[in-house]
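Under our numbering, the final residue of the sequence shown carries the number 171; numbering is consecutive throughout.
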Amino acid sequence: WSAVRLARLHRERVKAEADREREDRGIITSGFWMAIIRWRACILFAVLAAIVITGVAYKSRLCHRAKMISEIVGGLARTNPEAAGRASLEALQLDPANDGIRIQRIEVLLLSGKFDEALLELGKVPSGDRRDIHAILSAWALTGLNQPEKAAAAIDSLPGHVLGQPGVAIVR
C-alpha cells in the first residue's frame with residue numbers, strides 16, 4: 000500500500016506543479032505580449048523608419064525650404080545685398096503665395112537701391128491683399144525715385160493710428 004500511496008502523492012505533486020507553471024505562464028506572458036517580444040526588432044525598425052520618413056517629408060516641403068532661406072536673408076540684407084537679393088528671389092519662387100517673403104524681398108530691393116524693381120514687386124500684390132506695410136514700402140520706393148508727391152499720397156492713404164509709427168515717420 001505504501002507504493003500506491005507514494006505514486007498517488009507523486010501524481011498530485013506533478014499535477015500541482017504543472018498547474019503552477021500554467022498559471023505563471025498565463026500571467027507573465029499572454030499571446031499579445033509574446034508576439035510583441037518576438038517581433039520587437041521589426042516593430043522598433045518600423046517605428047524608427049516612420050519617424051525618419053516623416054522628418055524627411057517635412058523638411059523637403061517647398062514652403063519649409065523657402066522659410067529657411069528667408070531666415071538667412073535678414074542677416075544678409077545689410078552685409079551682402081546682392082546675395083540677399085538672390086536668396087529672397089529664390090525663396091519667393093519656392094513659395095510665391097507667402098506675403099512675408101514678398102515683403103522681405105521688397106525690403107531687400109529697397110535696401111539695395113533698386114526702387115523700380117521694388118515697385119514692380121509691389122504691383123504683383125493683389126489690391127485686395129494690400130496692407131499698411133505695402134503702402135509704406137511703396138512710399139519708400141517712390142521717395143527713392145524722387146517722387147515725393149506720390150510718396151506723400153501713399154502715406155496719407157494710411158489710417159490715422161499708423162501715421163505715428165516710426166517706419167511711416169521716416170518716409171514722411
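Glycine is no exception: its CB is placed at the ideal position from the N, C-alpha and C atoms.
All figures in this text were calculated on a predicted structure; none of them were measured in a lab.
- C-alpha of W139 to C-alpha of L118: approximately 10 Å in a straight line.
- D98 places its beta carbon 8 Å or farther from that of C62.
- Inter-residue distance for G74 and Q92 is about 20 Å (C-alpha atoms, whole angstroms).
- Contact check for S156 against A134 passes: the beta carbons are separated by less than 8 Å.
- Secondary structure at Q92: helix, using DSSP grouped into helix, strand and coil.
- Secondary structure at V124: coil, using DSSP grouped into helix, strand and coil.
- Counting C-beta atoms within 10 angstroms of its own C-beta, V107 has 16 or more neighbours from the protein chains shown and is therefore classed as buried.
- Bounds of any alpha helix (DSSP H) do not take in P158, whose DSSP letter is neither H nor E.
- In this chain, the alpha helix (DSSP H) harbouring S137 covers D131 to G143.
- Counting along the chain, R60 sits inside no alpha helix (DSSP H), nor does DSSP assign it H or E at all.
- Scanning A151, P125, I71 and A49 for the CA closest to the CA of Q103 turns up I71.
- Going by DSSP, L109 is part of the alpha helix (DSSP H) stretching over D98 to L110.
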